[in-house]
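Contents: one structure, followed by commentary.
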Amino acid sequence: MQYDEIIRKIKSMANPENVAGMARFGINPANTYGVSVPILRKMAREAGRNHELALALWASGIHEARLLACFIDRPDMVTEAQMEGWVKDFDSWDICDQCCSNLFDRTPVAHEKAVTWCDREEEFVRRAGFVLMAALSVHDKKAPNEAFSRFLPLIKKYATDERNFVKKAVNWALRQIGKRNPNLNEMAIKTAEEIKQIDSKSARWIASDAIRELTGEKVRRKLAGVK
110 MQYDEIIRKI KSMANPENVA GMARFGINPA NTYGVSVPIL RKMAREAGRN HELALALWAS
170 GIHEARLLAC FIDRPDMVTE AQMEGWVKDF DSWDICDQCC SNLFDRTPVA HEKAVTWCDR
230 EEEFVRRAGF VLMAALSVHD KKAPNEAFSR FLPLIKKYAT DERNFVKKAV NWALRQIGKR
290 NPNLNEMAIK TAEEIKQIDS KSARWIASDA IRELTGEKVR RKLAGVK
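Going letter by letter, the sequence shown gives residues 110 to 336 in the numbering used here.
Here it is in structure tokens:
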């Protein structure tokens with residue numbers, strides 16, 4: 110599939126009701142046509158991996174085209190400059206999450222960006238840092254525990270950020286790290302207990318929710334190798 114064909118197809122499937130529904134879930138309705146992610150994933154399979162096409166689709170500014178760009182780009186060809194350019198364009202949690210968990214987490218600088226982005230003040234850039242932590246916890250099977258334990262002080266540091274899309278990502282990162290293996294589970298629970306003592310509504314929610322999951326029977330059985 111070529112650029113013009115993809116854009117025409119997206120526009121032909123415009124669904125105003127879906128756009129309204131997406132807006133209610135906090136997704137920016139601007140330049141959005143309401144095409145579902147399963148349809149976009151099917152289009153991505155038809156298009157195949159294509160770095161140049163991904164760049165063009167992102168540059169269109171169309172919400173669905175940008176999601177598609179995340180699905181078809183080649184992680185080995187993604188540059189640091191591209192990542193910095195795209196992260197500044199994030200204007201919805203779904204674009205942020207799909208890009209970080211389908212593309213950016215596969216790049217060589219993913220761990221580095223997780224650290225530097227969470228130190229940034231912009232809401233979706235900071236979210237991107239923590240979403241990368243969560244995604245790497247699941248997808249980077251070979252990384253040592255130290256690659257994830259170094260994220261825990263940052264999780265504690267920003268647990269007081271009351272912004273909804275940040276605090277949910279901080280919580281997500283903490284939970285995913287704690288589900289990786291028994292050692293990280295212990296470290297994540299300890300971090301959550303420390304966060305719980307902070308005088309902050311956001312911190313208390315992040316900690317309580319994480320402790321509930323990380324000490325729960327389902328996670329315990331998984332970490333013990335019981336299915």
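C-beta: ideal position from N, C-alpha, C; glycine also.
Residue burial classification, GLU114 (beta-carbon count within 10 angstroms, cutoff 16)
exposed
Can you list, in chain order, the residues of its chain whose CB lies under 6 Å from that of ARG272, leaving out five sequence neighbours each side?
GLU232
Could you pull out every residue in the same chain whose Cβ sits closer than 6 Å to the Cβ of ARG215, ignoring the five residues on either side in sequence?
PRO184
With a cut-off of 8 Å on the beta carbons, I'd call LEU245 and LYS222 a contact; round off their distance for me.
Not confirmed; about 10 Å, so no contact.
Could you check whether LYS288 and LEU261 sit closer than 9 Å to each other, using their CB atoms as the reference points?
no
Quick check: the Cα distance between GLU189 and VAL218, rounded to an integer number of angstroms?
8 Å
Quick one: complete alpha helix (DSSP H) runs, 4+ long, within the segment 208 to 285?
219 to 227, 232 to 248, 254 to 258 and 261 to 266
Test item: CB-CB of ALA319 and LEU263 under 9 Å
no
Near ALA132, which residues of its chain fall below 7 Å by C-beta distance, leaving aside the five closest residues on each side in sequence?
PRO138
What is the residue span of the alpha helix (DSSP H) that ASP318 lies within?
310 to 323
Cα-Cα separation, ASN280 to ALA268:
8 Å
Nearest-angstrom Cα separation, counted from ARG330 out to LEU293
15 Å
Just to confirm, are CYS208 and TRP226 a CB contact at a threshold of 9 Å?
no
Taking only three categories from DSSP, how would you classify ASP203?
helix
For ASP198, report the span of its alpha helix (DSSP H) as first-last.
189 to 198
DSSP-derived helix/strand/coil call for LYS288
coil
Measuring straight from C-alpha to C-alpha, what distance separates GLN111 and ARG313?
49 Å
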